[in-house]
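If you read the sequence shown in the numbering used here, its first letter stands for residue 1254, the second for the next number, and so on.
What follows is a set of notes on a single structure, which appears directly below.
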Amino acid sequence: MKTIDEVKIIRKSKPSISEKSESVDDVRPKCDVQHSVPGIIFSTGGYTGNVYHEFNDGLIPLFITAHKYRHGYAFGGQVVLLLLEYHHWWISKYAEILGQLTNYTIIDLGADKRVHCFPEVTVGLNIHDELAITSQPNDSEDPARGPSMAGFQSMLHAAYLPRLPSAMAKQQTDIDGMIKEPSTQSFKPKLVIISRNGPRALLNQAEIVALAEGIGFSVRVLSPTQTTEMIDIYAALNGCDTMIGVHGAAMTHLLFMRPGATFIQIVALGTDWAAETYYGEPARKLGLRYVQYKVSPRESSLWGQYPPDDPVLTDPDTVNSRGWWETKRVYLEGQNVTVALPRIAAILHSAFSDASNLRSTALHSEARLPA
1254 MKTIDEVKII
1264 RKSKPSISEK
1274 SESVDDVRPK
1284 CDVQHSVPGI
1294 IFSTGGYTGN
1304 VYHEFNDGLI
1314 PLFITAHKYR
1324 HGYAFGGQVV
1334 LLLLEYHHWW
1344 ISKYAEILGQ
1354 LTNYTIIDLG
1364 ADKRVHCFPE
1374 VTVGLNIHDE
1384 LAITSQPNDS
1394 EDPARGPSMA
1404 GFQSMLHAAY
1414 LPRLPSAMAK
1424 QQTDIDGMIK
1434 EPSTQSFKPK
1444 LVIISRNGPR
1454 ALLNQAEIVA
1464 LAEGIGFSVR
1474 VLSPTQTTEM
1484 IDIYAALNGC
1494 DTMIGVHGAA
1504 MTHLLFMRPG
1514 ATFIQIVALG
1524 TDWAAETYYG
1534 EPARKLGLRY
1544 VQYKVSPRES
1554 SLWGQYPPDD
1564 PVLTDPDTVN
1574 SRGWWETKRV
1584 YLEGQNVTVA
1594 LPRIAAILHS
1604 AFSDASNLRS
1614 TALHSEARLP
1624 A
């Protein structure tokens, strides 16, 4: 909290009978800017820079908080956003999403020293759960009743779908492939492999690409970085049938996937709880087919670093009980994985069948539509 600038908020009200208007006006600053709509004050500091926290601690809570200020707009609109620890890269990276939540210029409170007056101000953001919104009854049926993950995903679509044609041309990807292909015989389900360059890298990734292509997938390897445009990631994942990757922050992009698609999370040794809590459970709630591939000790590079009977390999829970920094050192930053091809092949075959079945169902439904 020491890094967050202090904001002074004064409630402007009529003076009581016992007060002298002159003395009250003397201590109350004059408004430099008078706003006609409410404001939301929040920070983009903390763990911002990690895409999981950018969504879980920032964008989803902002969507929840701004929901009550929609006033006829789809997702927000009639509210001014006031930022502490303002980062230009964050504003640029999520410009399309922020444009859905406010119709006004975003204010950098660290640089703007004017006195802003609002009819109402909310300080801080509301957060419900990990990559989730605790919907009220019937929210999923009618998102207008309250904020919901269905509503959040609708906002993502509204932000990025209008830009898809140029993005698809850029990366030569066809998001409508399932509809445009003339038959299931020529249909090639799309598989996106999320590639990691740092710890928890998939060491036999090239072999998995070859395996998946042999099964019949059209494969794309995606390596998101802090500078990768969100529209490019959205285009790839919203148009894919299956996503696979080792547990890590980039799994957050499951939010871009279509309901019914398959999400395969490779759970590195010692990351079971985090993998399930942060991505497994949210994926199921979003209607994805979630498949967990749990790495065995021999599939982890830790196998060559510790004796076979070491708790690091045999009892990760005990190691994790020593605290976050030990978990980070050993399991998050200290291992890579080499998955067993027969095991992953069985999962990929199942995902391929599911995608083909969905394609067949879509074709039959389309055939029954009236001309």
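Ideal Cβ positions, reconstructed from N, Cα and C, are used throughout, including at glycine.
Quantities reported herein were computed from a predicted structural model and do not represent experimental measurements.
Contact belief for residue i with residue j at Cβ below 8 Å, rounded distance in angstroms
i: Ile1468; j: Ile1497; result: Not really, about 12 Å apart at Cβ, beyond 8 Å.
i: Pro1442; j: Ser1609; result: 7 Å
i: Val1590; j: Val1445; result: Not a contact, Cβ separation roughly 18 Å.
i: Leu1539; j: Leu1555; result: In fact, because the Cβ distance is near 32 Å, the residues do not count as touching under 8 Å.
i: Gly1533; j: Thr1580; result: No, Gly1533 and Thr1580 are not in contact; Cβ-Cβ is about 18 Å, not under 8 Å.
i: Tyr1559; j: Val1592; result: Actually they are not in contact, since the Cβ atoms of Tyr1559 and Val1592 sit about 20 Å apart, beyond 8 Å.
i: Ala1503; j: Ile1447; result: 5 Å
Residue i - containing alpha helix (DSSP H), residue span
i: Gly1404; result: 1402-1413
i: Lys1538; result: 1534-1538
i: Phe1516; result: No alpha helix (DSSP H) holds Phe1516; the beta strand (DSSP E) holding it covers 1515-1520.
i: Pro1291; result: It is not in any alpha helix (DSSP H) - Pro1291 carries neither H nor E in the DSSP assignment.
i: Asp1318; result: Correcting the residue identity first, residue 1318 is Thr in this sequence and not Asp. Note, Thr1318: alpha helix (DSSP H), 1313-1319.
i: Asp1258; result: That residue, Asp1258, is in no alpha helix (DSSP H); it is neither H nor E in DSSP.
i: Asp1525; result: 1525-1528
Run of the beta strand (DSSP E) containing residue i, from where it starts to where it stops
i: Leu1337; result: 1333-1337
i: Lys1346; result: It is not in any beta strand (DSSP E) - Lys1346 instead sits in the alpha helix (DSSP H) that spans 1341-1346.
Selected residue, minimal CA-CA separation from residue i, among the options
i: Lys1366; options: Ile1386, His1506, Lys1283, Asp1562; result: Lys1283
i: Ile1344; options: Val1333, Ile1359, Gln1353, Gly1330; result: Ile1359
i: Glu1349; options: Tyr1339, Pro1400, Ala1412; result: Ala1412
i: Ile1484; options: His1506, Gly1501, Ala1502; result: His1506
i: Ala1489; options: Arg1511, Val1499, Pro1564; result: Arg1511
i: Thr1530; options: Ala1454, Tyr1300, Asn1309, Lys1261; result: Asn1309
i: Ser1603; options: Trp1342, Val1520, Asp1494; result: Asp1494
i: Ser1296; options: Asn1491, Trp1578, Gly1377; result: Gly1377
i: Phe1371; options: Thr1614, Gln1545, Gln1287, Thr1567; result: Gln1287
i: Ala1598; options: Val1474, Met1408, Tyr1487, Glu1460; result: Glu1460
i: His1306; options: Gly1501, Glu1373, Val1472; result: Gly1501
i: Glu1338; options: Glu1259, Phe1405, His1369, Tyr1322; result: Glu1259
i: Glu1383; options: Arg1281, Val1572, Met1402; result: Met1402
i: Thr1480; options: Val1304, Gln1558, Val1333, Thr1515; result: Val1304
i: Thr1515; options: Gly1492, Leu1522, Gly1523; result: Gly1492
i: Met1418; options: Val1520, Val1474, Ile1317, Tyr1487; result: Checking the sequence, you will find Pro at residue 1418 rather than Met. If we check each option's Cα against that of Pro1418, Tyr1487 comes out closest.
i: Leu1456; options: Leu1354, Gly1311, Val1548; result: Val1548
i: Leu1334; options: Gly1302, Val1374, Val1368; result: Val1374
i: Tyr1347; options: Thr1614, Leu1315, Met1504, Phe1440; result: Leu1315
i: Ile1293; options: Leu1351, Asp1562, Phe1440; result: Leu1351
i: Val1583; options: Asn1450, Ala1465, Asp1563; result: Asp1563
i: His1381; options: Ile1317, Asn1356, Arg1596, Val1462; result: Ile1317
i: Ala1465; options: Phe1605, Asn1356, Asn1450; result: Phe1605
i: Arg1612; options: Glu1552, Asp1570, Gly1513, Val1544; result: Gly1513
i: Pro1477; options: Lys1265, Gly1302, Arg1264, Ser1574; result: Gly1302
i: Asn1356; options: Thr1387, His1340, Gln1331; result: Gln1331
i: Arg1453; options: Val1462, Gln1588, Ile1600; result: Gln1588
i: Leu1336; options: Gly1299, Arg1323, His1320; result: Gly1299
i: Gly1363; options: Gln1353, Leu1354, Tyr1322, His1340; result: His1340
i: Leu1508; options: Val1474, Ala1527, Asp1525, Tyr1543; result: Tyr1543
i: Gly1451; options: Val1368, Glu1586, Val1290, Trp1578; result: Glu1586
i: Glu1482; options: Ile1519, Arg1416, Lys1321, Ser1471; result: Arg1416
Paired residues, beta bridge with residue i - DSSP
i: Ser1296; result: Leu1337
i: Thr1355; result: Gly1330
i: Tyr1546; result: Ile1519
i: Asp1285; result: The partner list for Asp1285 (beta bridge, DSSP) is empty, contrary to what the question assumes.
i: Asp1361; result: Leu1336
CB contact check: residue i to chain B, cutoff 8 Å
i: Gly1501; result: Checking the listed chains, one finds no chain B in this structure; it contains a single protein chain.
Any non-hydrogen atom of the ligand FAD closer than 7 Å to residue i Cβ
i: Ser1476; result: This structure does not include the ligand FAD; it has no bound ligands of any sort.
| field | Every unbroken beta strand (DSSP E) within the segment 1438-1509, with a cutoff of 3 residues, ordered by chain | value | Runs found: 1443-1447, 1471-1475, 1495-1499.
| field | Secondary structure, beta strand (DSSP E): runs of 3+ residues fully inside the segment 1363-1389 | value | Positions of the beta strand (DSSP E) runs, each at least 3 residues long and wholly inside the segment 1363-1389, are given as 1374-1376 in order along the chain.
| Fully enclosed by the segment 1552-1598, which alpha helix (DSSP H) runs are 4 residues long or longer? | Here the runs fully enclosed are 1564-1567, 1569-1573, 1577-1580.
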